[in-house]
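Peer 1: Taken in order, the sequence shown gives residues -38 to -1, 1 to 77; the numbers are from mature numbering (1 follows the signal peptide of the UniProt record, and there is no 0). We put the beta carbon where it would ideally sit given N, CA and C, even for glycine. This structure is a prediction, so every number in the text was calculated from the model and none was measured.
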Amino acid sequence: MMRQATSKAAAGSSANRRQVLSLAAGIALLAGVTSAHAQSTGIAACDDFLTKYDACIVSKVPEAQRAMYKTQIDQTRKAWVDMAKNPSAKATMESTCKQTLDATKASLTAYGCSF
């Protein structure tokens, strides 16, 4: 009887360890995604757009379509961060980001997003 109880406790402990490790891995992955989303372009209009777009996607877009929008915004963010490193491109980015905001506004109002 004691041996069975000990074996069950050990099995439970092992299962708990796996759950904790799995949870820790998930949190680490989420932290990586969050920091990628939080990366600043250094241009207020661009960062404002990216923040609003992210909030809209997370809170309003149906799960089935969310991945597509997240991929698009991640690509846009990377391109803008890279562009901001180039002084000649950086000079025009504020207007580019404002134009992107205006163009995107209409397509996301169907989901109830407001910018």
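Are there three or more Cβ pairs, one per stretch, closer than 8 angstroms when the region 19 to 29 is compared with the region 44 to 63?
Peer 2: Short answer: they don't touch.
Peer 1: I think A53 touches G4, with their Cβ atoms under 8 angstroms apart; what is that distance to the nearest whole Å?
Peer 2: Taking the sequence shown and counting its residues from 1, the one referred to as residue 53 is at position 91. Taking the sequence shown and counting its residues from 1, the one referred to as residue 4 is at position 42. Actually they do not touch by this definition, with Cβ atoms about 12 angstroms apart.
Peer 1: Can you have a look at R39 and say buried or exposed, based on whether 16 or more other CB atoms are within 10 angstroms of its CB?
Peer 2: Position 77 of the sequence shown, counting from 1, holds the residue named residue 39. By the 10 Å Cβ count, R39 comes out buried.
Peer 1: If we count the other Cβ atoms within 10 Å of its Cβ and call it buried at 16 or more, is W42 buried or exposed?
Peer 2: Residue mapping note: residue 42 aligns to position 80 of the sequence shown, counting from 1. The residue is buried, with at least 16 neighbouring Cβ atoms inside 10 Å.
Peer 1: Thinking C-alpha only, which one of D16, N48, Q1 is nearest F77?
Peer 2: Walking along the sequence shown from the start, residue 77 turns up at place 115. For F77, the nearest C-alpha among the options comes from D16.
Peer 1: If we count the other Cβ atoms within 10 Å of its Cβ and call it buried at 16 or more, is M30 buried or exposed?
Peer 2: Your numbering for residue 30 matches position 68 in the sequence shown. Per the 10 Å Cβ criterion, exposed.
Peer 1: Taking the alpha helix (DSSP H) that S57 belongs to, which residues open and close that run?
Peer 2: The residue labelled residue 57 in the question sits at position 95 within the sequence shown. 49 to 70 is the span of the alpha helix (DSSP H), which, as asked, contains S57.
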